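Step one of this worksheet: look at the structure below.
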Amino acid sequence: MTTDNTSIPSAPEASPSVAPLPALRQIFEELKSGRHWSFGDPVYFELFDHNFAAYADWFSQIGIQLHRDERGFCHATLDKDDDAASQISTNTKTASNLILFTAIWIEALADSGRNIHDEIFRKPEGHRLENLPHLATESHRRLMTDAGLGTAEELNGLLKTLQRLGFATILPDDTFRIRPPFHRLLDICQEYGRFSPAPDTAQNATSSSTPASSSSAPSDTAEK
Amino acid sequence: MIVPLREAASFLCNHEWFVSRLWQHRDEAWTDADLLGFAENVSNENSPSPKHLVAELKKHRFIVERIEPSATWELAPAFQGWIEHLNMTARPVRSEVIDGFILALETALKEFSRAWPAPDSWASAREALQDIWQQLRKTIENLAATQLAITNEVSEIKTSRVSLSATERFRRINRLWKTYLLPMLDLLDTGKKFPALCDHIEQELALALSKHALPERRVAIRITDEIRTLRHSILDGFRAAHSEIRPLHERLRRESEWTQGAARILQHFTRERDFPQQLAARLAIPNFRLRTNLTDAVLKRCAAQWQNYQPNKIAAIDFGSTADMTRKRQAHQVFDRCIKLPPKRFPIPDFVAFLAKEFPDEDFYTLLRTLSLVLNDTRRVDSDFHLPRSEYNIGCGTLCLARVSVNLRKHSQHRPRNP
C-alpha cells in the first residue's frame, strides 16, 4: 500500500553554523511532484544563482540530485545508487505522454518548414490548444488516441501536466507559453535522432546513454 | 566547323525564351524528346518548328552531348559559363581545386626564384612573374566565387523555409559547411598553406626589388595588390561567412536531429504502441510515493468515499432480431475469408484494424460477430490481447479494446469452416 508522504525529511547532518536555506520546504514540496524551475518561479533565483551549491549539497544527502541547465532552468532527479531514493518511483506514463506530445509537435513543425525552436519557444501570441497539430491529422490523432490523449479534453489535461511540471504556463486568455525546461523533452528527441539506431536496436541505444549526456548545451550537474 | 558569331547571336536574340527555358532546366540531362517538348511549350504560330529549333541549337553548339547517360544533351560548358557570367551566378569551388592552383603557384614561384638572380634568365623571370600573377588572379576569382556561392545559398536556405524540410535545410547547409567552408578556411587562415605561400612570394619580390633585379615592376605591384585583396577581403569574407553560418549550421543540425528523433519515436510508438521504458526514464520525473502503512482512519475515509458509489449501467449492444440471421451468415463468411488467407499473412498483429481495413463495407455488428468468432475459435485460432487500449472505427461504430493479435494454429491452416 502506498500513499503520498508530505512531510519534509529530517535535516541531514549539516554544519550547525550554516544558516537554514530559504524556501527549502517549498522547493522540496515542488520537487516531489517533478517540478522544473525557470525564470518566473518564486524560488528560481534562490536555486539557480544564489544558493545552488548549498541546495545541491543538501539534497544530495537524501539521494536527490539537483541540476542547473545553462538554458535557464533547474530540475531534480533521483540518485539511483541511493537506497532511499531508489524506492521512489518515476512517473513513466506521464513521461511517455510528454515525449509523444513533443515528437508529434516537432514532426508537424518540421513538415511545415518552420523554425522549430522559435515556433515552440518564441511565439509572441502564445499557443492555443486548438491550433496544436496533435489532433489535426488522422495519423497523429490515432497515435494520441492510443496513448489515451485522443480528445481535446485529454490534451488539455496534458497541458495542465506540462504546467504543473514547469514546462509550460497557461495564461488567463487560454493561451499557453512553453518554458525553458521544455528543452529536456527536445533533448530526448535529439538524442534519439543523433544515435541513428537501426529500428530494432533503438531501445538498446537509448538505454546505453546517461542523463548527464542529455543536452547538446552542456548542463551543470551539481557534484558533491 | 566554326560557328559564325553573327548567326549565333541572331539565334539567341530571336529565341531567347527557348534558351531561358533550357537555362531553367540546366541541371537535367535532356533527351531529344525533352528538347522538342521545351521547344513546343514556348513556341507560337510564328516560330519555326520545334524540330528546326532543336537542330539549330545543336548546330550552334549551344548544347553538347553528355557522356552519360547516352543520347542526352546539356548546355555546352562554355555557353553555361557565359550565361553564369552574365547572371553573376557563382559556383563554389572545392578546396582541392584551390590546392591545384597553389601547386601551380609554387612551381611558378620556384621558377621565378631560380630565374631572377641570373641576368641571362631575365625573360624566364618575367614569364614566371606573369604566371604567378595569372595563377593568383584565378585563385582569388575562384575563392570569391565560392564565397559568393556560399552567401547566396545561405540566403536561399534562410528565405525558403516553407518549401524545405528541416532535414533538407540541414543537408544543404552541412554540405556548404563541410565541403567548402571549413576546408577553405583550413587553406586560407593565418599560418596555413596559402598565406605562407603568399608571404614567400612577397619576400621573393622584395628581395628581387632590393637587388634591382625585378623584371616587371608593374606585374609585381599587381601581385602584391592581389595578395592584399586575398589577406583582407577574401579571408575576412570567409571568416565572416564562417561566423554567420556557424550558428545557423548549429541550429539546423539540432532541428534535424530533433526531427529525426521525433520521427523514430513516432515510428516506434506506431509499431509497438508504447515507448521503450528507458526513453521515458530519461525524463525521470520524480513521483514521490514512498512505501508506508495506512492507518485504519485513512482506510475508513477512503471507504466512505466509495460507499454511495453507483456504477453506470452497462449498455448492452443491440444486435437486432430479424436482420440478425443475415448478419450472422455474413460474419461467418468474413471469418472464412480471414482464415483462408495465405499463411504468410499471419500473424495479424492488430486484427480489428485489419478487419476495418479489409472489410470496409461490412457493418459494425458483422465485424463484431467476426471478432467474436475468431476469439472463440480456440481450435483453429490463437488470439492474444496487448495493451494499451485502442479505439477502432469499424462500420459505423467505435470499438474500444486492447489490440488483438491473431495467428492460425498450424494444423488448421486453410481448412474452411462450415457455417
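Keeping their order, the protein sequence lines are chains A and B. All residue numbers for the first sequence refer to my numbering, where the first residue is 381 and numbers rise by one. All residue numbers for the second sequence refer to my numbering, where the first residue is 145 and numbers rise by one. We put the CB at the ideal spot given by N, CA and C, even for glycine. Here the structure is a predicted model, which means the values were calculated and not measured.
Using a CB distance cut-off of 7 Å, Lys503/A does not count as an interface residue toward chain B.
It is roughly 20 Å from the alpha-carbon of Phe562/A to the alpha-carbon of Asp429/A. For Leu197/B, the closest C-alpha among the options Val163/B, Gln168/B, Ile211/B is that of Val163/B. Straight through space, the alpha carbons of His412/B and Gly573/A are spaced by roughly 13 Å. At least one CB atom of chain B sits nearer than 7 Å to the CB of Ala483/A.
Our two residues, Ile284/B and Asp333/B, have alpha carbons roughly 14 Å apart in a direct line. Per DSSP, the unbroken beta strand (DSSP E) holding Phe556/A starts and ends at 555-558.
Taking every protein chain shown into account, the CB of Thr531/A has fewer than 16 other CB atoms within 10 angstroms, so this residue is exposed. Minimum Cα-Cα distance from Pro422/A among the listed residues Leu566/A, Phe432/A, Gln406/A corresponds to Gln406/A. Of the other Cβ atoms in all chains shown, 16 or more fall within 10 Å of the Cβ of Leu542/A; this residue is therefore buried. Per the coordinates, the alpha-carbon of Ser516/B lies some 57 Å from the alpha-carbon of Tyr424/A. The C-alpha of Leu512/A is placed about 8 Å away from the C-alpha of Trp485/A. The beta carbon of Glu535/B falls within 7 Å of a beta carbon belonging to chain A, placing the residue at that interface. The beta carbon of Ile550/A lies closer than 8 Å to those of Leu539, Lys540, Gln543, Phe556 in the same chain, with the five residues before and after it left out. Against chain B, the CB of Leu542/A has no partner CB under 7 Å away; the residue lies outside that interface. By the neighbour-count criterion, in which a residue is buried when 16 or more other Cβ atoms sit within 10 angstroms of its Cβ, Glu189/B is exposed. Using a Cβ-Cβ cut-off of 7 Å, Ser476/A is close to Phe419, Ala424 of chain B, given in chain order. At least one beta carbon of chain A lies nearer than 7 Å to the beta carbon of Asn431/B. DSSP places Glu212/B in the coil class of the three-state scheme, outside both helix and strand. Using a Cβ-Cβ distance cut-off of 8 Å, the region 499-513 of chain B and the region 485-504 of chain A are not in contact, since fewer than three pairs of beta carbons, one from each stretch, lie closer than that value. For the pair Ala436/A and Leu446/A, the CB atoms are nearer than the 7 Å cut-off. For Asn551/B, the CB contacts under 6 Å within the same chain, skipping 5 residues up- and downstream, are Phe490, Pro491, Asp526 in chain order. Comparing alpha carbon positions, the residue from Cys569/A, Asp553/A, Ser492/A, Asn477/A closest to Gly537/A is Asn477/A.
By the C-beta criterion, the region 375-395 of chain B is judged to be in contact with the region 326-343 of chain B, since at least 3 inter-stretch pairs fall below 8 Å. Boundaries of the alpha helix (DSSP H) harbouring His386/B: 379-416, taken from the DSSP string. Around Gln570/A, the beta-carbon contacts reaching into chain B at under 7 Å are Arg398, Glu401, Trp402, Gly405. Looking only at Leu308/B, Phe206/B, Glu370/B, the smallest Cα-Cα distance to Pro221/B is reached by Phe206/B.
A contact between stretches requires three or more CB pairs, one per stretch, nearer than 8 Å, and the region 242-255 of chain B fails this requirement with the region 291-311 of chain B.
Per DSSP, the beta bridge partners of His507/A are Phe556/A. Beta-bridge partners of Val550/B (DSSP): Ile492/B, Ser527/B. In the three-state reduction of the DSSP assignment, Arg533/B falls in the strand class, which pools E and B. Rounded to the nearest angstrom, the gap between the Cα atoms of Ala364/B and Leu358/B is 8 Å. Fully contained in the region 232-296 of chain B are the following alpha helix (DSSP H) runs of length 4 or more, in chain order: 239-259.
Cβ-Cβ separation between Arg170/B and Gln224/B: approximately 7 Å, consistent with a contact (criterion under 8 Å). The beta carbon of Ala272/B is closer than 7 Å to those of Ala252, Glu255, Phe256, Ala259 in its chain, skipping five residues each way along the sequence. His229/B is classed as exposed because its beta carbon has fewer than 16 other beta carbons within 10 Å across all chains shown.
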